[in-house]
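**Student:**
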Amino acid sequence: MSLKKHIIDLRKRREKVQMGGGEKAIEKQVAMGKMTARSRILALLDRDSFTEYDLFAEHEARDFGMDKKQLHGDGVIIGTGTIYGAPVCIFAQDFTVAGGSLGLMHARKITKIMDHALKMRVPLIGINDSGGARIQEGVNSLAGYGEIFYRNTLASGVIPQISVILGPCAGGAVYSPALTDFVFVVDNISKMFITGPSVIKTVLGEEISMEDLGGARVHAEITGNAHFFAESEQECFDQIKKLMTFIPWSNRQKSKLFPPKEPKFKGKIDDIIPSDPKKPYDVRDVIRAIVDDSDFFEIQELFAANIVIGFGRMNGQTVGFVANQPLVLAGVLDCDSSDKAARFIRYCNAFNIPIITLEDMPGYLPGIDQEHAGVIRHGAKVLYAYSEANVPKITVILRKAYGGGYIAMNSRHLGADFMFAWPTAEIAVMGPEGAANIIFKKEIEEAEDPEAMRALKVEEYIEKFANPYVAAAKGYIDSVIEPQETRELLLHAIEVSANKEDARPYKKHGIPPF
Amino acid sequence: MEESKKELVDFQVLSRKYKTQLTRKFNMRKPYVAPNPKEVRSYIPGTVVKINVKKGQKVKEGSSILVLEAMKMMNQIAMPFDGKIKEIYVKEGGRIPKDFLMIEIE
């Protein structure tokens, strides 16, 4: 054969395999409103940047007639490419090939690209669209999953790992995304569950649709398994690309610096917060008033909305925001919001991202359901995560900082580097009404008009204690600041802490209250 | 998103009432019901394969009152204390959800 013939032969082979499961299967995939695995990769990565590996991989299964079945690429595409010029490793399961089922070679391809990502210290993106284990391959398929989970865990906190659920992801398969940093879901396309509706119906007699059991909205709003919710695959890819601009390639790197931009927010930051501490506002307006270009990239927007987390930039540098949200459930800490905040704090710490905490919270959510759901161990995660974090940690107390909440929200006592408070801050062991009721119990009871006395004593308590000056007098607050000074002081604090060193005692690892 | 459409309600945290929005998950909470020791409820969903007692029968603590098959296991449901079977709410072969009232004791 001449060289030219060899090249033509190669091209023919490529073309054939790149068709995945063939025209009919592709038509079916499109009819379900889904893109193909290959078109997804191409849509996500920079133009012409994708290089594929293991295109010609073939499975070696022999049982149940598998020896006669050729599965192109064994149902998964792997390779490398770039997003905004930054290198990434990527795999995408191909549902058109045997339903994207995971056999041994399929798993080998995934673990190969995972090993590559970890060795090269570049982010890993996995696109999941699979019917699950390839039953014909039996325990080999289980081995494949296990080897993926193992690598997910090794890579955790070393390189960013992103999971994109663009189809079914059921049974054991769900645990790879669950072990990664960020999970993206798309409405009507993503389905995640351990046991599906049919098993639930057979075993329990309970009927539920796939969408209501484990659809995108459920995971974005109820379970918290997903971090980003999109209406379409394209919107999802845009979200991934945007996320990539905020995070570093690995835990040894810093996020890319962008040109500084003043906030677009015009007006007075003072006007955002109502003076009545019982009235709500959207804390995201405060973030937008202080962050570069007023561009706040929120994470888990729909889940546990009583706390807000996400990335923004301060003078071009990525920072993580954690903020109580008085607009939802009065901004209380509860099981879900604690989990959400704690995990994000640990993410920021693992990847060298300074944390800014905006505090306005009345305490923990009271209730039997919360106590029984373990609000003690969940709440402890926040304390653990803040205490453990040794990236620059800055807190601004906007309004309420009561009781355990004051301690938990990155207080000085948990190692905050900078503690700022607005003059509206109320730092106290509990809300003024509660405190007055206890401290002045006798006076109130013995007064001729107990209600009038109670009101008087509440006022007295507010004046004396529900302010930032008691904490400032003890050095727990570094500076009581005017709201409009906030951005400048935060920029300064981040600048000052650029070379922060905070060595911790040696340990293999801690025992966080998982 | 839909958040902005939600209305503000009174929400009590300790001694103070705040104006705030509620979440779907918060509204989905199940109210707490104190357990009644006289009610034998299923701790797992499954199928009642055998009922070993009759209505009105006196049963000693620890003896098996029924067998609940769940997750491929035959679970013996034992009498929690000496007593009399007041009512049986399940049938052999019946499939029941979790926390289903199976037997009442007096």
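Just so you know, the protein sequences line up as chains S and U, in that order.
Per the numbering used here, the very first residue in the first sequence carries number 6; after that it's consecutive.
Per the numbering used here, the very first residue in the second sequence carries number 578; after that it's consecutive.
A virtual CB, placed ideally from N, CA and C, is assigned to each residue, including glycine.
Spell out a yes or no on whether the segment 488-504 of chain S and the segment 338-355 of chain S are touching, meaning 3 or more CB-CB pairs, one atom from each, closer than 8 Å.
**Tutor:** Not touching, per the Cβ criterion.
**Student:** Could you check whether the Cβ of S/Asp-300 sits closer than 7 Å to any Cβ belonging to chain U?
**Tutor:** No, no contact with chain U.
**Student:** Taking contact to mean 3 or more Cβ pairs, one atom from each stretch, closer than 8 Å, check whether the segment 62-82 of chain S and the segment 253-264 of chain S are in contact.
**Tutor:** Counting Cβ pairs under 8 Å, fewer than three are found: no touch.
**Student:** Kindly indicate if chain S contains any beta-carbon less than 7 Å away from that of U/Leu-643.
**Tutor:** Not an interface residue.
**Student:** Out of S/Asn-157, S/Ile-381, S/Met-458, S/Ile-252, point me to the one whose CA is closest to S/His-121's CA.
**Tutor:** Ranking the options by Cα distance to S/His-121, first place goes to S/Asn-157.
**Student:** Taking S/Ile-274 as the reference, which of S/Lys-284, S/His-383, S/Arg-293 has the closest Cα?
**Tutor:** Checking every option, the nearest Cα to that of S/Ile-274 belongs to S/Arg-293.
**Student:** From this set, S/Ile-205, S/Leu-171, S/Ser-106, S/Ala-413, which residue's C-alpha is nearest S/Ile-194's C-alpha?
**Tutor:** For the residues S/Ile-205, S/Leu-171, S/Ser-106, S/Ala-413, the minimum Cα distance to S/Ile-194 belongs to S/Leu-171.
**Student:** Is there a Cβ of chain S sitting closer than 7 Å to that of U/Arg-593, yes or no?
**Tutor:** Yes, because at least one Cβ of chain S sits closer than 7 Å to the Cβ of U/Arg-593.
**Student:** Hey, would you say S/Asp-99 sits closer than 7 Å to S/Gly-25, going by beta carbons?
**Tutor:** Closer than 7 Å, so yes.
**Student:** Could you check the C-alpha separation between S/Lys-196 and S/Leu-218 for me, to the nearest Å?
**Tutor:** Answer to the nearest angstrom: the Cα atoms are 8 Å apart.
**Student:** Within the continuous beta strand (DSSP E) that includes S/Ile-314, where are the two ends?
**Tutor:** From DSSP, the beta strand (DSSP E) with S/Ile-314 extends over 312-319.
**Student:** Straight-line CA distance for U/Ser-581 to S/His-514?
**Tutor:** Caution applies to U/Ser-581, whose pLDDT of 48 falls short of 50 and renders its modelled position unreliable; the value that the coordinates give is listed next. Each residue's alpha carbon lies about 42 Å from the other.
**Student:** Using beta carbons (cut-off 7 Å, strictly below), is U/Pro-612 in contact with chain S?
**Tutor:** False, the Cβ-Cβ gap to chain S never drops below 7 Å.
**Student:** Chain U partners of S/Met-435, CB-CB under 7 Å?
**Tutor:** Simply Leu-591.
**Student:** Under the DSSP definition of a beta bridge, which residues are partnered with U/Ala-655?
**Tutor:** U/Ala-655 is bridged to U/Ser-641.
**Student:** Could you tell me whether the Cβ of S/Lys-284 comes closer than 7 Å to any Cβ of chain U?
**Tutor:** Chain U contact via Cβ: present.
**Student:** What does U/Leu-599 touch in chain S if you count any residue whose Cβ is under 9 Å from its own?
**Tutor:** Val-333, Leu-334, listed in chain order.
**Student:** Could you check whether the Cβ of S/Gly-410 sits closer than 7 Å to any Cβ belonging to chain U?
**Tutor:** S/Gly-410 does not count as touching chain U.
**Student:** Alpha carbon to alpha carbon, how far is S/Asn-311 from S/Ile-164? Give it in angstroms, no decimals.
**Tutor:** In a straight line, the C-alpha of S/Ile-164 is about 29 Å away from that of S/Asn-311.
**Student:** Where are the alpha helix (DSSP H) runs, 4 residues long or more, that stay fully inside the segment 210-246 of chain S, in chain order?
**Tutor:** DSSP runs (the alpha helix (DSSP H)) wholly in the segment 210-246 of chain S: 215-219.
**Student:** Rounded to whole angstroms, what is the Cα-Cα separation between S/Met-319 and S/Glu-28?
**Tutor:** Each residue's alpha carbon lies about 49 Å from the other.
**Student:** Under 8 Å, CB to CB, which of the residues in the segment 651-663 of chain U have a partner in chain S?
**Tutor:** Against chain S - using a Cβ distance shorter than 8 Å - the segment 651-663 of chain U contributes no residues.
**Student:** Which residues of chain S have a Cβ atom closer than 8 Å to the Cβ of U/Leu-585, listed in chain order?
**Tutor:** Result: Pro-285.
**Student:** Which full runs of the beta strand (DSSP E) of 3+ residues lie inside the segment 68-114 of chain S, going along the chain?
**Tutor:** As far as the segment 68-114 of chain S is concerned, its whole beta strand (DSSP E) runs of at least 3 residues are 81-88, 91-98.
**Student:** For S/Ile-373, go through chain U and note every residue whose CB falls closer than 9 Å to its CB, in chain order.
**Tutor:** Those are Pro-608, Tyr-609, listed as they occur along chain U.
**Student:** Beta-carbon separation of S/Glu-226 and S/Met-40 under 7 Å?
**Tutor:** Against a cut-off of 7 Å, the Cβ pair of S/Met-40 and S/Glu-226 comes out as no contact.
**Student:** How big is the Cα-Cα spacing for U/Val-586 and S/Asp-281?
**Tutor:** C-alpha separation (whole angstroms): 15 Å.
**Student:** Taking DSSP as the reference, what is the three-state secondary structure of S/Tyr-286?
**Tutor:** In this structure, S/Tyr-286 counts as coil in the three-state DSSP scheme.
**Student:** Here's the rule I'm using: 16 or more other beta-carbon atoms within 10 Å means buried, otherwise exposed. How should U/Gly-634 be labelled?
**Tutor:** First, the residue type needs correcting, since residue 634 of chain U is Gln and not Gly in the sequence shown. With fewer than 16 other Cβ atoms within 10 Å, it is exposed.
**Student:** Which residues in chain U sit within 7 Å of S/Leu-218, going by Cβ to Cβ distance?
**Tutor:** Residues of chain U passing the Cβ test: none, with the nearest at roughly 15 Å.
**Student:** Suppose contacts are defined by Cβ-Cβ distances below 7 Å. Is S/Gly-430 in contact with S/Phe-470 by that definition?
**Tutor:** Here the sequence assigns Ala to residue 430 of chain S, which means Gly is not the residue at that position. No, the Cβ-Cβ distance between S/Ala-430 and S/Phe-470 is not below 7 Å.
**Student:** I'd like to know if U/Arg-618 contacts chain S, where contact means its C-beta is closer than 7 Å to some C-beta of that chain.
**Tutor:** By this cut-off, U/Arg-618 is not an interface position.
**Student:** What does DSSP give as the partner residue(s) for S/Lys-398 in the beta ladder?
**Tutor:** Partner(s): S/Ile-360.
**Student:** Give the C-beta separation of S/Ile-499 and S/Val-324 to the nearest angstrom, bearing in mind that I take them to be a contact with Cβ-Cβ under 8 Å.
**Tutor:** So it is a contact: roughly 7 Å between Cβ atoms.
**Student:** List, in chain order, every chain U residue whose beta-carbon is nearer than 7 Å to that of S/Val-396.
**Tutor:** Going along chain U, no residue has its Cβ under 7 Å from S/Val-396, so there is no contact; the nearest lies around 30 Å.
**Student:** Mind checking the segment 667-681 of chain U against chain S and listing, in chain order, the residues whose C-beta falls within less than 7 Å of any C-beta there?
**Tutor:** The residues in question are Arg-672, Pro-674.
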